[in-house]
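Mapping of the sequence shown onto UniProt numbering: position 8 corresponds to residue 8, and the numbering continues sequentially without gaps.
Heads up: the structure comes next, in structure tokens.
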Amino acid sequence: MVASRDKLLASQPAAVAAKEAFVAEYITGRVDCSVGLGVNQNGDDWTMKVFAHSPAAARELPHHFRDFDVEVQVTGPAVAYE
């Protein structure tokens, strides 16, 4: 567990840089997707976490970017309730 945490901490700058490049290439200017950086299901590497409004928006995105997986979840549009 400690080794995985140390690996994640050491690779965080590269993951953040990849996320910023991913946003610049695929997300900027779009209102139907948002992206964050998360940990994969195994807990041993970073992944781009993308929330898309529709299946069509999700299909336009890659499954892998640089050295990182891209996980896309179709969430529908965000709605604010009062």
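Positions of the beta carbon are idealized from the N, C-alpha and C atoms, including for glycine.
Since this is a predicted model, take the numbers as computed values, not measurements.
Span of the alpha helix (DSSP H) holding residue i?
i: residue 3; result: 2 to 22
i: residue 58; result: 55 to 59
Rounded to the nearest angstrom, what separates residue i and residue j at their Cα positions?
i: residue 23; j: residue 48; result: 10 Å
i: residue 78; j: residue 35; result: 14 Å
i: residue 53; j: residue 19; result: 19 Å
i: residue 60; j: residue 9; result: 30 Å
Return the chain-ordered list of same chain residues with a C-beta closer than 7 Å to the C-beta of residue i, the five sequence neighbours on each side being excluded.
i: residue 15; result: 37, 46 and 68
What did DSSP end up calling residue i once you bin it into helix, strand or coil?
i: residue 25; result: helix
i: residue 125; result: Residue 125 lies beyond the residue range present for the chain, which begins at 1 and ends at 82; the question has no answer from this structure.
i: residue 38; result: strand
Considering residue i, what are the terminal residues of the beta strand (DSSP E) in which it resides?
i: residue 73; result: 68 to 74
In its own chain, which residues sit with a C-beta less than 6 Å from the C-beta of residue i, not counting the 5 before and 5 after it?
i: residue 74; result: 52, 55 and 58
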